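*Asks:* Dumping the structure here so I can ask a few things about it.
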Amino acid sequence: MVKKQDIVGNWLVRYTKTPLEKFGSHILLTNFNNYVDIFCDLMGINKPDFSANMRVATAGDITIINFGIGSPNAALIMDLLSTVSPKACLFLGKCGGISEKTHLGDYILPLAGIRGEGTSNDYLPPEVPSLPAFMLQRAVSTALRDNSHDYWTGTVYTTNRRVWEHDERFKNYLRETRAMAVDMETATLFTCGFCNHIPTGALLLVSDNPMVPEGIKTEASDNKVTAQYAATHVRIGIEALKLIIGERKTVRHLKYEW
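Structure, rendered in C-alpha cells:
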C-alpha cells in the first residue's frame, strides 16, 4: 500500500470490522460504547458486538462510531473516514466546563476549538484556527431549538493531557484562554476534518466542572450525568443529521483548496 487511500480504506475496515459499503454518508462520532447502544435503541436496530476496536452501527444513511478517547484517535478516525467521504460528521462528546456559567447537563455548540493538543500540528500550522462546518452547526442549533433546549456557544480548549485537575497553574491558563469548556478531541476533529475534506461539527455535553474540587468527575457523577442526559444528547445528534438529509443541503460552506 503506497497511497493514502489504499491505507485508510484497509484500516477503516480493520479497526471497525465493517465493510466500506456499510457506512452511511452521515456520521455520528462518540467516545462511548453506551452512545452506540442508545443509537441502536433509538433507531430500532441490533447492537454490534465488541469484537472491533471501534464499535460501529448504521441505520439508514447514519452511522455512529465509537473511535475512542483523545486527540490521536480523533485524528485517526478523520483520516480513516476520508476513504468513504462523508457528507457530514457530528461529534457527540462530553466536556468539562471552564466558565462559571456552565452547569452539568448544559449543551455547548462550539464555534471554534483551541488547538492545545499538539496532534493537529502535524496537519496544519498551529496558527491556523480550528473551525467547524457552519451549516452543520446551524442544523444542530435547529435541532436543539426544536427540542426546546438552550445551549452555549463559544470556544473549546482541546488538550492531550488527561489528568490536570490538580494543577492550578494549568487551570489559570485555561481561564486566560476565555474558553467555555475543555475536552480532548474537538479541535483535532475540526482541523483534521478540514484537511480530509470532511464537514465536521460538534455538540458537547457538560459532564463535569473540573475547575473546582467538588466538580471533578467521579464514577458516580459521570453515571448520573449519563443516566440523565445521554439519550437526549444522542437523539438531538440524530435529528440534526436528519435535518441535513431531509433538506438535501450540502454542509460545505467553503472550498477545500490550498
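Read in order, the letters of the sequence shown are residues 2 to 259 in my numbering.
No residue lacks a Cβ here, since even glycine has one placed at the ideal position from N, Cα and C.
These numbers come from a predicted model, not from an experiment.
In chain order, which beta strand (DSSP E) runs of at least 3 residues are fully inside the stretch 13 to 51?
*Replies:* As far as the stretch 13 to 51 is concerned, its whole beta strand (DSSP E) runs of at least 3 residues are 27 to 31.
*Asks:* Three or more beta-carbon pairs under 8 Å between the stretch 222 to 229 and the stretch 131 to 146, yes or no?
*Replies:* Contact between the stretch 222 to 229 and the stretch 131 to 146 is absent, because fewer than three Cβ pairs lie under 8 Å.
*Asks:* Going by C-alpha to C-alpha distance, which of E169, V157 and L242 sits closest to A180?
*Replies:* Closest by alpha carbon: V157.
*Asks:* Under the three-state reduction of DSSP, which class applies to S208: helix, strand or coil?
*Replies:* Strand at S208.
*Asks:* Does the separation of the CB atoms of L30 and C96 fall below 9 Å?
*Replies:* Taking 9 Å as the Cβ cut-off, L30 and C96 do not qualify as a contacting pair.
*Asks:* Going by DSSP in three states, I63 sits in which element: helix, strand or coil?
*Replies:* Three-state DSSP puts I63 in a strand.
*Asks:* Considering only residues of the same chain and omitting the five flanking positions on each side of A232, which have a CB-CB separation below 6 Å?
*Replies:* Within the same chain, A232 has close Cβ partners I39.
*Asks:* Give me the residue from T154, D209 and D147 with the minimum Cα distance to G238.
*Replies:* For the residues T154, D209 and D147, the minimum Cα distance to G238 belongs to D147.
*Asks:* Which whole runs of the beta strand (DSSP E) in the stretch 124 to 167 are 3 residues long or more, in chain order?
*Replies:* Within the stretch 124 to 167, the complete beta strand (DSSP E) runs of at least 3 residues are 153 to 160.
*Asks:* Tell me, please, whether the stretch 5 to 21 touches the stretch 71 to 90 by the rule of three or more beta-carbon pairs shorter than 8 Å.
*Replies:* Judged by Cβ distances under 8 Å, the stretch 5 to 21 makes contact with the stretch 71 to 90, as three or more pairs qualify.
*Asks:* Less than 9 Å separating the beta-carbons of T189 and S86?
*Replies:* For T189 and S86, no; Cβs fall outside 9 Å.
*Asks:* Starting from G194, trace the alpha helix (DSSP H) in both directions and tell me its first and last residue.
*Replies:* Run containing G194: T187 to C196, per the alpha helix (DSSP H) assignment.
*Asks:* Beta strand (DSSP E) containing I115: first to last residue?
*Replies:* Start and end: Y108 to G117.
*Asks:* Quick check: what's the CA-CA separation for K256 versus F171?
*Replies:* Because K256 sits at a pLDDT of 45, beneath the cut-off of 50, its placement in the model cannot be relied upon, and the following sentence gives the value as read from the coordinates. Cα to Cα, the separation comes out at about 37 Å.
*Asks:* Just list the residues that DSSP pairs A58 with in beta bridges.
*Replies:* Note: A58 sits in a beta bridge opposite I65.
*Asks:* Relative to the C-alpha of Y174, which residue among A144, I78 and I99 is closest?
*Replies:* It is I99.
*Asks:* For the beta strand (DSSP E) that V183 lies in, which residues bound it at each end?
*Replies:* First-last of the beta strand (DSSP E) with V183: A182 to D184.
*Asks:* Give a yes or no on whether 9 Å exceeds the smallest Cβ distance from A180 to chain C.
*Replies:* The chain labelled as chain C is not found in the depicted structure, where only one protein chain is given.
*Asks:* Which residues mark the beginning and the end of the beta strand (DSSP E) in which T247 is found?
*Replies:* First, the residue type needs correcting, since residue 247 is Gly and not Thr in the sequence shown. No beta strand (DSSP E) holds G247; the alpha helix (DSSP H) holding it covers E220 to E248.
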